[in-house]
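Report on one structure; see the data block that follows.
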Amino acid sequence: MKEPVRLLLARHGRTEWHRDNRYVSRTDIGIDETGLEQARTLARRAKEESPALVLSSPLKRAVLTAEPAAAACGLELETDDRLRELDFGDWEGKTFDEIRSEDPGRAERFLHSAEHGFPGGEPLEDGARRILEVFEDLRLSHAGLAVLVVAHNTLLRLGLCAALGVPLGDYRLRLPRVVNAAITEVRFGEDGGALYSFNAT
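The working numbering applies: residue 864 is where the sequence shown begins, and numbers increase by one.
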């Protein structure tokens, strides 16, 4: 049996939209000054962990966060389209207060169960399937090694649920938030995942 891969999962640095609590998924924006500092902090942490690979979402906010970490580890950054954020559909660019005023019923249902998903967006199952495929590929290619994966808040939480056997509809309740540029470690093997740390800074 192969050793599990050490998945070091990190959310990208802060953006202006996140500062304003706006939903951002496919909109390709960069990180703000706070995000740049968070990226530098992640680079220092990554160097201590000595990953064999730094893999990122291709979206600008993730790449700008991952590049300093890859450089600190003497690695070329690689990207994977499957690590793009879940598509938030009609809620893209809006705050939850705006959403609540436009469609209070939908907003209330979402607060109580995320399985209702995002109107006009990508189903939770599709996002979970994408990131779990990445985890499986890394399990086979980097058994016994550490890999830094830089992606997005909702997608990472769906991936954690899929790897740990948590119902996807519970992702907001069980994993309220992935902190920007913090490291969550999962050891992922043939029998699934084991959580070793969450939001470690």
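From the three backbone atoms N, C-alpha and C, an ideal C-beta is built for every residue, glycine too. Everything numeric in this text was worked out from a predicted model, so none of it was measured.
Starting from Phe959, follow the alpha helix (DSSP H) in both directions and report where the run begins and ends.
-> Phe959 to Glu965
Would you say the region 1044-1053 touches the region 868-883, given that touching needs at least three Cβ pairs under 8 Å?
-> yes
Taking the runs of the beta strand (DSSP E) that are 3 residues or longer, which of them lie wholly in the region 1013-1059?
-> 1046-1052
Have a look at the DSSP bridge pairing and note the partners of Glu941.
-> Leu918
Kindly indicate which three-state DSSP category Leu1003 falls into: helix, strand or coil?
-> helix
At a cut of 8 Å, does the region 930-938 reach the region 901-910 through at least three beta carbon pairs?
-> yes
So, Leu813 versus Leu946, is the Cβ gap smaller than 8 Å?
-> Because the chain in this structure spans residues 864 to 1064, residue 813 falls outside the shown range and cannot be described.
How big is the Cα-Cα spacing for Leu1058 and Leu1008?
-> 16 Å
CB contact check: Val926 to chain B, cutoff 8 Å = In the structure shown, chain B cannot be found, because there is only a single protein chain.
Assuming Leu955 contacts Thr890 under a Cβ cut-off of 8 Å, what Cβ separation, rounded to an integer in Å, is found between them?
-> Correcting the residue identity first, residue 955 is Glu in this sequence and not Leu. So it is a contact: roughly 6 Å between Cβ atoms.
Limits of the beta strand (DSSP E) - the one that Ala873 falls within | Val868 to Arg874
So, are the CB atoms of Gly984 and Phe951 less than 8 Å apart?
-> yes
When DSSP builds the beta bridges, which residues end up paired with Arg924?
-> According to DSSP, Arg924 bridges with nothing at all.
Residues near Arg885 by beta carbon distance below 8 Å, same chain, minus five either side = Gly956, Lys957 and Thr958
Among Gly1055, Gln901, Glu912 and Arg882, the one whose alpha carbon lies nearest that of Val1010 = Glu912
Under 8 Å by Cβ, that's how I've got Ala1025 and Leu995 pegged, so tell me the actual separation to the nearest angstrom.
-> 5 Å
To the nearest angstrom, report how far apart Asp1000 and Asp989 are at their CA atoms.
-> 17 Å
Span separating the alpha-carbon of Glu939 from that of Ala1006 | 20 Å
Between Asp895 and Arg877, what straight-line distance do the alpha-carbon atoms span, to the nearest angstrom?
-> 6 Å
C-beta atoms of Leu918 and Glu941 nearer than 8 Å = yes
Going by Cα to Cα distance, which pick from Glu965, Glu930, His881 and Glu866 is closest to Val1041?
-> His881
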